[in-house]
Amino acid sequence: MKVMQSMVNFSQFPDQNGHFGRYGGRFVAETLMEALHELNEAWQECRNDPDFLAELDADLAR
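Counting in my numbering, the sequence shown runs from 3 upward without gaps.
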């Protein structure tokens with residue numbers, strides 16, 4: 003008998019809903035969900051901004 007293992011490409015996760023695979027997701031207190039959504043929206047807006055990324059890199063280098 004041959005057992006096949008499937009390979010998972012984790013670079014595709016999390017998806018746009020924050021899920022990791024079929025059942026994975028976010029475990030966050032409901033009271034924090036609005037703030038988490040706001041943070042996600044802000045990240046989507048600035049994640050390709052060269053000025054923001056340069057400042058982030060500088061902060062992370064400290």
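Glycine included, every Cβ here is placed at the ideal spot set by N, Cα and C. As the structure is a prediction and not an experimental result, all values here were calculated from the model.
Between residue 30 and residue 16, the alpha-carbon positions lie close to 15 angstroms from each other. Per DSSP, the continuous alpha helix (DSSP H) segment holding residue 52 begins and ends at 52-63. When only Cα atoms are considered, residue 7 and residue 36 end up about 39 angstroms apart.
In the three-state DSSP reduction, residue 39 falls in the helix class (H, G or I). In the structure shown, residue 46 adopts helical secondary structure according to DSSP, grouped into three states. For residue 23, the closest C-alpha among the options 52, 55 and 11 is that of 11.
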